[in-house]
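Respectively, the protein sequence lines represent chains D and H.
Going letter by letter, the first sequence gives residues 1 to 262 in my numbering.
Going letter by letter, the second sequence gives residues 263 to 423 in my numbering.
Every residue, glycine too, gets a C-beta built ideally from N, C-alpha and C.
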Amino acid sequence: MYAFEFKRPKTLSEAVAALGGEDAQALGGGQTLIPTLKQRLAAPATLVSLNGIDEIKGICTDDQGRLCIGGGTTHAAVAKGAGAYPALAALAANIGDPAVRSRGTIGGSVANNDPSACYPSAVLASGATVVTNTRQIAADDFFQGMFTTALEPGEIITEVRFPIPQKANYQKFVQPASRFALVGVFVAKYADGVRVAVTGASSNGVFRWTEAEKALSANFSAKALDGLKASADGLISDIHGSAEYRAHLIKVMTGRAVTAAG
Amino acid sequence: MPKVTLRVNGREVSGEVEGRTLLVQFLRESLGMTGTHVGCDTSQCGACTVHVNGLQVKSCTTFAMDVDGAEVTTIEGMANADGSLSVIQQAFQDHHGLQCGFCTPGMVMAAAALLKDNPKPSEAEIRHHLEGNICRCTGYHNIVKAILAASGQDVSAIAAE
Numbered sequence: 001m002y003a004f005e006f007k008r009p010k011t012l013s014e015a016v017a018a019l020g021g022e023d024a025q026a027l028g029g030g031q032t033l034i035p036t037l038k039q040r041l042a043a044p045a046t047l048v049s050l051n052g053i054d055e056i057k058g059i060c061t062d063d064q065g066r067l068c069i070g071g072g073t074t075h076a077a078v079a080k081g082a083g084a085y086p087a088l089a090a091l092a093a094n095i096g097d098p099a100v101r102s103r104g105t106i107g108g109s110v111a112n113n114d115p116s117a118c119y120p121s122a123v124l125a126s127g128a129t130v131v132t133n134t135r136q137i138a139a140d141d142f143f144q145g146m147f148t149t150a151l152e153p154g155e156i157i158t159e160v161r162f163p164i165p166q167k168a169n170y171q172k173f174v175q176p177a178s179r180f181a182l183v184g185v186f187v188a189k190y191a192d193g194v195r196v197a198v199t200g201a202s203s204n205g206v207f208r209w210t211e212a213e214k215a216l217s218a219n220f221s222a223k224a225l226d227g228l229k230a231s232a233d234g235l236i237s238d239i240h241g242s243a244e245y246r247a248h249l250i251k252v253m254t255g256r257a258v259t260a261a262g
Numbered sequence: 263m264p265k266v267t268l269r270v271n272g273r274e275v276s277g278e279v280e281g282r283t284l285l286v287q288f289l290r291e292s293l294g295m296t297g298t299h300v301g302c303d304t305s306q307c308g309a310c311t312v313h314v315n316g317l318q319v320k321s322c323t324t325f326a327m328d329v330d331g332a333e334v335t336t337i338e339g340m341a342n343a344d345g346s347l348s349v350i351q352q353a354f355q356d357h358h359g360l361q362c363g364f365c366t367p368g369m370v371m372a373a374a375a376l377l378k379d380n381p382k383p384s385e386a387e388i389r390h391h392l393e394g395n396i397c398r399c400t401g402y403h404n405i406v407k408a409i410l411a412a413s414g415q416d417v418s419a420i421a422a423e
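Here it is, written out as C-alpha cells:
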C-alpha cells in the first residue's frame, strides 16, 4: 500500500472540505477499498474516512413512508434495523460474511457499484432515491455501468430512500469463493407495477430486466416467466460461468424470488 | 506521525502510526500482540478477526486510525481472569477444533461474536456465521462441534456424521 494522509472528520461539511483536496478519496467501510489499496490499484494522497460522521448513520422512515438509510450505515445495522423492508434486511444479512457486514456500508457499496454487489439491485428494483450532500438522484439515473455512477468527485452519499414495496425478495446465486453474486435478482412489487433488477450478470453492472417486469406486472407468478428468456448479450463470461449460464440463472433466480415473495 | 489510542483487552494503549497502518499491524508490530494472525491479507480468511466495540471485524481490512478510541478485544483477551481457558477455548480443545491452529484465533473470535448474539445457534447458523473464516486444514466439522458444545448444546448428532 502506498502512503497517504488519513483524515477522519466528524461532520459532513468537514468531509466535503477534505475531499476537495487534490487526489482525495472517500473511505466507507473499506471492505473493497482497503484490498484495492493493498493491490496498489488506487493511490490517493488523502483518504477521508466517513466512519466518524454520525449524521450519515442510522435508519428512519420519512413522511412519505420511505425507509431512509444513512449512507454510513453498516450492513449489520441494516440487517438488524430495516425490519420495515424485510427483503432489504435479508439482503444486508447475507452480504459477504459477518466481519464484512460489521464494517461495510450501504453508501460505500452503492458508490462503488461493483457489478457483483448485492445492494445496487435493491436500490434499482426499489426505484430508490440516492441522496448526496448536493442533490437527490433517482436509481434509474444513478447506476451508469461497471464501477460507474452519477456521483461527481467528492460527492458523498448521505442517505438512500427506499419506497417500501407490497412484496419483494432477493435471490443470490453465490460465487462460493468471493460470496459475491454470480447472479442476484431483486424483485419488488409496487401498486404501480413490478421492478426486477439483476446484479452479477452484466459487464455493464446492475440492470433492469424489463420483459420480466411487464410479465410479472400482469401476473405476479413464476409461471409468468415461462415464455421469457434473458438475453446473454453483454453478460459476463468467466471461469465461474459463461454468459449463457448467467442468462439462464437470471430467469431461475427471478422465478425463485417471485415465489419466495409470495 | 499521528497517534492512536485504543483500549485493547481492557488496557489503554497508544502508539504512533501511519495513515496506512492496519489495525492488525498495530496489534502485532506496535503492541507485540501476535495472537491475532495474518493469513491471507486479502480479507478472505478471517485469521485476523478481532472485536471492535463488540463487533467482529477483520483487522487486516481496518485502518488503525479509523478505530481510534475504540474498545478492541483480541484472542489474548479471551481467557478467564485466572488464566484458565474460556468456555469457547476449552470446547475447541475438548472437541479437537484445531489442527495446525493458525486459523484458531479468528475462529474463536468469530464464535464469541456469534454466541453473544445467538446463544443457542443451530449447526446451519454456525456454518453460515463462519463463512468468512477459512481453515486450511479443513477441520470445519470439529470447529462447528466445538461451538455447539460451547453453547451448551448436544453434539452427538453431528458427531455421528
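Length of the line joining the Cα atoms of residue i and residue j
i, j, result
"Pro381 of chain H", "Val370 of chain H", "15 Å"
"Val194 of chain D", "Phe288 of chain H", "50 Å"
"Cys68 of chain D", "Ile396 of chain H", "35 Å"
"Gln171 of chain D", "Gly154 of chain D", "33 Å"
"Met1 of chain D", "Ala419 of chain H", "47 Å"
"Leu91 of chain D", "Thr73 of chain D", "14 Å"
"Gly200 of chain D", "Asn133 of chain D", "29 Å"
"Gly401 of chain H", "Pro367 of chain H", "14 Å"
"Pro383 of chain H", "Asn112 of chain D", "34 Å"
"Asp416 of chain H", "Val319 of chain H", "29 Å"
"Ser305 of chain H", "Glu280 of chain H", "20 Å"
"Glu244 of chain D", "Ile59 of chain D", "39 Å"
Spatially closest choice to residue i from the options, by CA coordinates
i, options, result
"Asn271 of chain H", "H:Gly316, H:Asp328, H:Gly301, H:Cys307", "H:Gly316"
"Arg8 of chain D", "H:Arg273, H:Val406, H:Arg269, H:Pro264", "H:Pro264"
"Phe142 of chain D", "D:Phe173, D:Asp192, D:Gly107", "D:Gly107"
"Lys189 of chain D", "D:Gly205, D:Gly83, D:Ala218", "D:Ala218"
"Gly262 of chain D", "D:Asn51, D:Gln166, D:Lys229", "D:Gln166"
"Pro98 of chain D", "H:Cys307, H:Phe325, H:Val329, H:Gly297", "H:Cys307"
"Glu385 of chain H", "H:Arg398, H:Gly394, H:Asn404", "H:Asn404"
"Arg282 of chain H", "D:Ala247, D:Gln64, D:Leu47", "D:Leu47"
"Ala260 of chain D", "D:Ala17, D:Ala87, D:Gly52", "D:Ala87"
"Ser269 of chain H", "H:Ser305, H:Gln355, H:Arg290, H:Thr336", "The question names Ser, but residue 269 of chain H in the sequence shown is Arg. Selected option, being the one with the closest Cα: H:Thr336."
"Asn51 of chain D", "D:Glu213, D:Gly104, D:Gln144", "D:Gly104"
Burial state of residue i (16 or more Cβ within 10 Å)
i, result
"Ile239 of chain D", "exposed"
"Phe162 of chain D", "buried"
"Asp114 of chain D", "buried"
"Cys365 of chain H", "buried"
"Asp192 of chain D", "exposed"
"Gly394 of chain H", "buried"
"Gly359 of chain H", "buried"
"Gly71 of chain D", "buried"
"Ala43 of chain D", "exposed"
Expected contact under 8 Å - CB spacing of residue i and residue j to nearest Å
i, j, result
"Val160 of chain D", "Ala128 of chain D", "5 Å"
"Leu225 of chain D", "Gly255 of chain D", "5 Å"
"His391 of chain H", "Leu376 of chain H", "4 Å"
"Gly297 of chain H", "Glu338 of chain H", "5 Å"
"Thr148 of chain D", "Ile56 of chain D", "Not quite, the Cβ-Cβ distance comes to about 22 Å (not below 8 Å), so this is no contact."
"Ser202 of chain D", "Ile164 of chain D", "That pair is no contact at about 27 Å."
"Thr204 of chain D", "Gly227 of chain D", "One detail in the question is off: residue 204 of chain D reads as Asn in this sequence, not Thr. With a Cβ gap of about 25 Å, Asn204 of chain D and Gly227 of chain D do not count as contacting."
"Ala269 of chain D", "Ser121 of chain D", "It is not possible to answer for residue 269 of chain D, since the shown part of chain D is limited to 1 through 262."
"Val349 of chain H", "Ala412 of chain H", "5 Å"
Worksheet item: If we count Cβ pairs, one from each stretch, closer than 8 Å, do we get three or more for the segment 233-249 of chain D versus the segment 168-188 of chain D?
Response: Output reads yes: the segment 168-188 of chain D touches the segment 233-249 of chain D.
Discussion item. When you compare the segment 23-30 of chain D with the segment 342-353 of chain H, are there three or more beta-carbon pairs, one atom per stretch, that lie closer than 8 Å?
Written reply: Segments in contact, no.
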